[in-house]
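**Student:**
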Amino acid sequence: MAAGTRSTLLSWVRHLRRGRITGLTGCSRSISTHVPKKSALLKNGLVWSSLSLLAIGSYSWKKRAAVVYASIRVEDVKEQADYLYGSGDTEKLHEFLSQYRQSNDAEVLWRLARASRDLAQLSKTAPNDKKKLVYEARELAQKALEINESCSAAHKWYAICLSDVGDYEGMKVKIGNAYIIRNHFQRAIELNPKDATTIHLIGVWYVYRIYTLPIL
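Residue numbers (the working numbering): 103 to 318.
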């Protein structure tokens, strides 16, 4: 082997032992495998854990904020509805609350049931519309009860609306519903003993029973 070739090979061997090789372009690169230090891995792990916690915290905060916002919005709806009810503008009240027909809040739904019933009671409401509103009111009050059985007003208005439906379904149905109506009035009073309207209505019911219903 020529002396020059042997010298070149020996030079490559020395570079390999040092962990480096030289290419034809003269650019050196390391051939050793880089293994991250344990401290670096731990540091990176802590960084990612912190980022994960921040992401979870941000999601939880947004979720809580959405719940609070929804709660505030429901309160605004109830406040506006009560204002319109107090002003006696039945048509405007019904129009306003109809926007929230799909609400899952019992307080909103029983208010809409009441508005539907009150609109049906207006003399200028057409007979077909009156009947539709009566059944609509019952369904809304029933939905309010399904959402919150502990809502006194939902029991009261369900009883009232169920009584109205009896006017369209005949005396037999009306008598059959009478004790259901009484039970809802009683439950409403249990939940809110100071509601004078419900107390008056259950008194009316007992007078009705004396003259109309069989004694049970």
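All residues carry an ideal CB built from backbone N, CA and C; glycine is no exception. Keep in mind it's a predicted model, so treat the numbers as computed, not measured.
When DSSP labels each residue in this structure, what does L186 get in the three-state scheme?
**Tutor:** Stepping through the sequence shown from its first residue, residue 186 is reached at position 84. In the structure shown, L186 sits in a helix (DSSP, three-state: H, G or I).
**Student:** Could you tell me the distance, in whole angstroms, from the CA atom of V275 to the CA atom of Q244?
**Tutor:** Along the sequence shown, one-based indexing puts residue 275 at 173. Along the sequence shown, one-based indexing puts residue 244 at 142. V275 and Q244: Cα-Cα distance of roughly 17 angstroms.
**Student:** Buried or exposed: S218, going by 16 or more other Cβ atoms within 10 Å of its Cβ?
**Tutor:** Counted from its first residue, the sequence shown places residue 218 at position 116. So S218 ends up on the buried side.
**Student:** For S200, which of helix, strand or coil comes out of DSSP?
**Tutor:** For the purposes of this step, residue 200 is identified with residue 98 of the sequence shown, where counting begins at 1. DSSP places S200 within a helical segment (H, G or I) once states are collapsed to three.
**Student:** So, with DSSP's three-state summary, where would you put D191?
**Tutor:** Sequence index remark: in the sequence shown, residue 191 carries index 89 (1-based). Coil, per DSSP.
**Student:** Let me know if Y260 comes out buried or exposed under the rule of 16 or more other beta-carbons within 10 Å of its beta-carbon.
**Tutor:** Your numbering for residue 260 matches position 158 in the sequence shown. That one is buried.
**Student:** If you draw a straight line from the C-alpha of S179 to the C-alpha of E197, how long is it?
**Tutor:** As a position in the sequence shown, residue 179 is number 77, starting the count at 1. As a position in the sequence shown, residue 197 is number 95, starting the count at 1. In the sequence as displayed, the identity of residue 179 is Val instead of Ser. Rounded to whole angstroms, V179 to E197 spans 12 angstroms at the Cα level.
**Student:** Quick one: give me the first and last residue of the alpha helix (DSSP H) that E248 is part of.
**Tutor:** What you label residue 248 is simply residue 146 of the sequence shown in a count that begins at 1. Note, E248: alpha helix (DSSP H), P229 to I249.
**Student:** Can you tell me where the alpha helix (DSSP H) with K258 in it begins and where it stops?
**Tutor:** To locate residue 258, count along the sequence shown from 1; it is residue 156. S254 to E271 is the span of the alpha helix (DSSP H), which, as asked, contains K258.
**Student:** Starting from S218, follow the alpha helix (DSSP H) in both directions and report where the run begins and ends.
**Tutor:** Here residue 218 corresponds to residue number 116 of the sequence shown, with the count starting at 1. Segment A208 to Q223, the alpha helix (DSSP H) holding S218.
**Student:** In the structure shown, what three-state DSSP assignment does K180 receive?
**Tutor:** Within the sequence shown, residue 180 is the residue found at index 78, counting from 1. Helix, per DSSP.
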